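*Asks:* In the UniProt record's numbering, the protein residues as written are 1 to 268. The C-beta atom is built at its ideal place from N, Cα and C for all residues, glycine as well. Small disclaimer: the values here were computed from a predicted structure and weren't measured. So that we are looking at the same thing, I have put the structure below in C-alpha cells.
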C-alpha cells in the first residue's frame with residue numbers, strides 16, 4: 001500500500017513540478033494539489049518506516065522517544081492530508097459555484113490570495129494532533145482533539161458538496177440550449193466527482209478510525225490491523241480520484257499509459 005501510494009502521489013508531484021518549471025508559475029489549485037501530494041508522500045514514507053521497525057523491534061519502538069517521533073510525524077502528515085483535502089474541496093466550491101451573494105462574491109475574488117493562508121492554517125491545525133507520543137497519558141484529550149479535527153474538516157467537505165450541488169442544479173435550470181458544450185457545467189461535474197468521492201472515502205475513514213479506537217481499548221489486535229490497512233489506503237485512493245478529476249493530470253497519465261502500451265510493439 002505504501003509503495004503504491006508513494007508512486008501515485010509522486011506522479012502528481014512530478015507532473016505539477018514539470019508544469020511549474022515550464023510555465024514558471026502555479027495556479028491556486030495546483031499549489032494545493034502539489035502540497036497534498038508532497039504531504040502524502042511523506043505520510044507513506046513514515047508509515048513504511050514505522051511498520052518496518054514495529055515488525056522487527058516491537059518493544060524497542062515504545063521505549064525510545066526518538067522512534068516514537070516517527071509516529072508523531074506520521075500522525076502529523078495524516079491529519080495534514082485531511083485538512084489540505086478539505087481546503088481543496090472548499091476551493092473547488094468557491095471557485096466554481098455561482099451564487100448571487102456579496103460575501104460569496106468577495107470570497108471568489110479573494111480565494112487565490114487566501115490559499116497560502118489556508119494551507120498554513122492546515123499545517124497549524126495538523127500540529128494539534130502531533131501529540132501521539134503522550135496518547136496513553138492523555139488519551140481522552142487526544143481522542144477529543146482527533147474527533148474535533150475530523151468533525152470540522154468533514155463539515156467543510158460536506159458543506160462544499162452541498163453548495164456545489166445546489167449551484168449545479170441552479171445552473172442547469174438556467175441553461176437554455178444544449179447545442180454547445182457548457183464548460184461551466186463540465187467544471188461543476190468534475191468538481192462534484194472529486195468532492196463526493198472524497199466525502200464517501202472520508203466517511204468510511206472516520207468510521208474505521210472510530211472502530212480502531214474502540215477495538216484498541218478492548219485490547220483487540222487483528223481488527224484494528226485490518227482497519228488500519230484501509231486507513232492507509234485512503235490517501236492513495238483519493239489521489240487516484242484527483243488525477244481523473246484534473247484534466248492536466250489525466251492527460252499526463254493517459255499519455256504515459258499509451259507510451260507503455262506502444263513500447264512492446266515498437267521494440268518488436
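Look up residue 1 in the DSSP assignment and say whether it is helix, strand or coil.
*Replies:* In the chain shown, the residue the question calls residue 1 occupies position 1. Residue state, collapsed to three classes: coil.
*Asks:* Considering Cα atoms alone, identify which of 53, 208, 81 and 72 is closest to residue 37.
*Replies:* Here the question's residue 37 lines up with position 37 in the chain shown. Nearest option by C-alpha distance: 81.
*Asks:* Can you give the beta carbon distance from residue 79 to residue 126, rounded, assuming they're within the 8 Å contact cut?
*Replies:* By one-based count along the chain shown, residue 79 stands at place 79. By one-based count along the chain shown, residue 126 stands at place 126. So it is a contact: roughly 4 Å between Cβ atoms.
*Asks:* So within the segment 37 to 104, which uninterrupted beta strand (DSSP E) runs reach at least 3 residues, ignoring any that extend past its ends?
*Replies:* Complete beta strand (DSSP E) runs here, min 3: none at all.
*Asks:* What does the Cβ neighbour count give for residue 192, buried or exposed, with the cut at 16 atoms within 10 Å?
*Replies:* Here residue 192 is taken as the residue at index 192 of the chain shown, counted from 1. Buried: at least 16 other Cβ atoms inside 10 Å.
*Asks:* Going by the beta-carbon positions, is the gap between residue 47 and residue 74 smaller than 8 Å?
*Replies:* If you number the chain shown from 1, residue 47 lands on position 47. If you number the chain shown from 1, residue 74 lands on position 74. It is a contact, given that the beta carbons lie within the stated cut-off.
*Asks:* As a quick exercise: from 223, 256 and 242, pick the residue whose alpha carbon is nearest that of residue 32.
*Replies:* Position 32 of the chain shown, counting from 1, holds the residue named residue 32. For residue 32, the nearest C-alpha among the options comes from 242.
*Asks:* What's the C-alpha gap between residue 165 and residue 52?
*Replies:* Along the chain shown, one-based indexing puts residue 165 at 165. Along the chain shown, one-based indexing puts residue 52 at 52. Those two C-alpha atoms are separated by around 43 Å.
*Asks:* Assuming residue 15 and residue 252 are in contact, meaning their beta carbons sit under 8 Å apart, how far apart are those beta carbons, in whole angstroms?
*Replies:* Position 15 of the chain shown, counted from the first residue, corresponds to residue 15. Position 252 of the chain shown, counted from the first residue, corresponds to residue 252. Yes, they are in contact, since the Cβ atoms of residue 15 and residue 252 sit about 5 Å apart, within 8 Å.
*Asks:* Which same chain residues end up closer than 7 Å to residue 112 when comparing Cβ atoms and leaving out the 5 residues on each side of it in sequence?
*Replies:* For the purposes of this step, residue 112 is taken as residue 112 along the chain shown, with counting starting at 1. Same-chain partners within the cutoff: 28.
*Asks:* Leaving out the 5 sequence neighbours to the left and right, which residues in its chain are closer than 6 Å to residue 86 when beta-carbon positions are compared?
*Replies:* Stepping through the chain shown from its first residue, residue 86 is reached at position 86. 153, 156 and 157, listed in sequence order.
*Asks:* If you run the structure through DSSP and keep just helix, strand and coil, what is residue 9?
*Replies:* Walking along the chain shown from the start, residue 9 turns up at place 9. Helix at residue 9.
*Asks:* DSSP three-state call for residue 250: helix, strand or coil?
*Replies:* Numbered from its first residue, the chain shown carries residue 250 at position 250. When secondary structure is reduced to three states using DSSP, residue 250 falls in the helix class.
*Asks:* On the premise that residue 34 lies in contact with residue 84, defined as a C-beta separation below 8 Å, what is that separation, rounded to the nearest angstrom?
*Replies:* Mapped onto the chain shown, residue 84 falls at position 84. Mapped onto the chain shown, residue 34 falls at position 34. Between residue 34 and residue 84 the Cβ distance is about 10 Å, and since that is not below 8 Å, they are no contact.
*Asks:* Specify, as a first and last residue, the run of the alpha helix (DSSP H) that residue 226 falls within.
*Replies:* Sequence index remark: in the chain shown, residue 226 carries index 226 (1-based). From DSSP, the alpha helix (DSSP H) with residue 226 extends over 222 to 245.
*Asks:* In whole angstroms, what is the alpha-carbon distance linking residue 76 and residue 213?
*Replies:* Working through the chain shown from its first residue, we reach residue 76 at position 76. Working through the chain shown from its first residue, we reach residue 213 at position 213. Distance between the alpha carbons of residue 76 and residue 213: 18 Å.
*Asks:* On a CA-only basis, which of 95, 217 and 246 is nearest residue 115? Give me that one, please.
*Replies:* The residue given as residue 115 occupies position 115 in the chain shown. Checked all of 95, 217 and 246; the closest Cα to residue 115 is 95.
*Asks:* Could you give the distance in angstroms between the alpha-carbon of residue 13 and the alpha-carbon of residue 148?
*Replies:* Along the chain shown, read from residue 1 onward, the residue named residue 13 stands at position 13. Along the chain shown, read from residue 1 onward, the residue named residue 148 stands at position 148. If you take the alpha carbons of residue 13 and residue 148, they lie about 30 Å apart.
*Asks:* Under three-state DSSP, which class holds residue 215?
*Replies:* Sequence index remark: in the chain shown, residue 215 carries index 215 (1-based). Here residue 215 sits in helix by DSSP.
*Asks:* Secondary structure at residue 26, three-state DSSP: helix, strand or coil?
*Replies:* Taking the first residue of the chain shown as 1, we reach residue 26 at position 26. Residue state, collapsed to three classes: coil.
*Asks:* Look at the Cβ atom of residue 240, then the Cβ atom of residue 8, and state whether they are nearer than 8 Å.
*Replies:* Along the chain shown, one-based indexing puts residue 240 at 240. Along the chain shown, one-based indexing puts residue 8 at 8. Yes, Cβ-Cβ distance for residue 240 and residue 8 is below 8 Å.
*Asks:* Spatial neighbours of residue 245 within its chain, please: CB distance less than 7 Å, with the 5 preceding and 5 following residues excluded, ordered by chain position.
*Replies:* Sequence index remark: in the chain shown, residue 245 carries index 245 (1-based). If we look at residue 245 and ignore the five residues flanking it on each side, its Cβ neighbours are 190, 193 and 194.
*Asks:* Using only CA atoms, which one of 187, 201, 217 and 226 lies nearest to residue 247?
*Replies:* Residue numbering aside, residue 247 sits at position 247 when the chain shown is read from its first letter. Nearest option by C-alpha distance: 187.
*Asks:* Please identify the residue among 18, 124 and 237 whose C-alpha is closest to the C-alpha of residue 4.
*Replies:* As a working mapping, residue 4 is identified with position 4 in the chain shown. If we check each option's Cα against that of residue 4, 237 comes out closest.
*Asks:* Report the rounded CA-to-CA distance for residue 228 versus residue 254, giving the unit in angstroms.
*Replies:* As a position in the chain shown, residue 228 is number 228, starting the count at 1. As a position in the chain shown, residue 254 is number 254, starting the count at 1. Within the model, the alpha-carbon separation for residue 228 versus residue 254 is close to 31 Å.
*Asks:* Less than 7 Å between C-beta atoms, sequence neighbours within five positions excluded: which residues of the same chain meet that for residue 235?
*Replies:* Within the chain shown, the letter at position 235 stands for residue 235. Sequence-distant partners of residue 235 (beyond 5 residues in either direction) whose C-beta falls short of 7 Å from its own C-beta, in its chain, are 5, 40, 43 and 81.
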